[in-house]
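Shown next, in structure tokens, is the structure this report addresses.
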Amino acid sequence: MSSSENHPDVTDPARTAPAGGAGPDGGRAAAPADSSEADLQAAPRPVLTEKQAKRATSSSVAMLLSTLFLMAVVAAFLLLAPPPPAPERQDRIDVAETAEQIRAAEGVPAVAPDVPEGWTSNYARWTTRDGVSSWDVGWVVSDDVFAGLEQAAEANPTWTAMRVKQSPAGDSVDVGGVSWTPHDPEGKDLFWVGEVDGTTVVLTVTGDESVMRELAESVTAAAR
């Protein structure tokens with residue numbers, strides 16, 4: 001018996017399989033292409049016609065012009081609109097009421113002058129400085145003018161000199177029967193010193209002598 005009859009023919013898979021994934025015809029098998037990439041490559045790019053391009057440009061220009069027109073209208077309104085009225089100044093302190101309290105508590109004839117319209121009081125108090133107690137009132141006349149008075153029943157030369165910044169006395173001024181002595185130190189402050197109801201009154205004004213005279217007239221009238 002021959003050897004071919006005793007041993008069946010066995011084929012080696014390694015020998016029969018195509019090397020490198022070769023196809024039946026001996027060539028390499030092609031990998032499948034990515035479908036999404038192929039779709040993107042195949043999709044046509046949009047192309048605007050001439051009319052569509054003009055229409056898009058016209059819309060952009062119209063929007064820009066509308067925005068500029070609206071801004072111009074708003075700017076014109078802001079320029080032509082009248083400014084809001086300035087808030088009226090309100091007295092923070094009732095000088096007359098506070099003066100009445102001082103008269104009752106301290107026994108001092110605290111003067112409460114009826115100052116011109118537009119002046120606003122920003123303080124009215126009983127205070128002690130340089131060893132002397134006094135009635136102290138202040139008003140805002142304008143943005144850069146201030147007026148005030150200090151009234152003491154037991155004033156002394158030192159207290160008075162400190163109130164007028166130790167400035168020399170000028171010629172007396174008579175206002176409503178009260179003799180006032182001006183003191184004009186270097187700077188904007190003006191001082192007048194007078195005797196009212198047996199007390200010493202020092203008037204202070206920042207830089208406006210006409211306001212000083214108005215204050216003196218108001219104090220003299222209130223003391224009558």
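According to the UniProt record's numbering, the sequence shown is numbered sequentially starting from 1.
Ideal Cβ placement from N, Cα and C applies to all residues, glycine included.
Asked	Found
Return the residue from the list W126, M162 and S179 that minimises the CA-CA distance to A110.	W126
Roughly how many angstroms lie between the CA atoms of G176 and V211, to the nearest whole one?	15 angstroms
Look at the Cβ atom of W135, then the Cβ atom of V108, and state whether they are nearer than 9 angstroms.	yes
If we count the other Cβ atoms within 10 Å of its Cβ and call it buried at 16 or more, is P182 buried or exposed?	buried
Does DSSP classify E117 as helix, strand or coil?	coil
Could you pull the start and end residues of the alpha helix (DSSP H) that A81 belongs to?	Premise fails: A81 is in no alpha helix (DSSP H) and is neither H nor E.
Determine the DSSP secondary structure at P185, reduced to helix, strand or coil.	coil
Give the single residue among T199, T57, W192 and T206 whose Cα lies nearest to the Cα of A153.	T199
If you draw a straight line from the alpha carbon of P157 to that of E117, how long is it in whole angstroms?	34 angstroms
What residue range is occupied by the uninterrupted alpha helix (DSSP H) comprising V201?	Run containing V201: none in the alpha helix (DSSP H); it sits in the beta strand (DSSP E), T199 to T206.
Where P168 and V219 are concerned, what is the direct C-alpha to C-alpha distance, given to the nearest angstrom?	23 angstroms
Less than 9 angstroms between CB atoms is the rule here; does A62 satisfy it with respect to chain B?	Absence of chain B from the displayed structure is noted, only one protein chain being present.
I'd like to know whether the C-beta atoms of A72 and A96 end up nearer to each other than 9 angstroms.	no
Let me check understanding here. Comparing Cα to Cα, which of D189, T120, S142 and W119 lies closest to Q166?	D189
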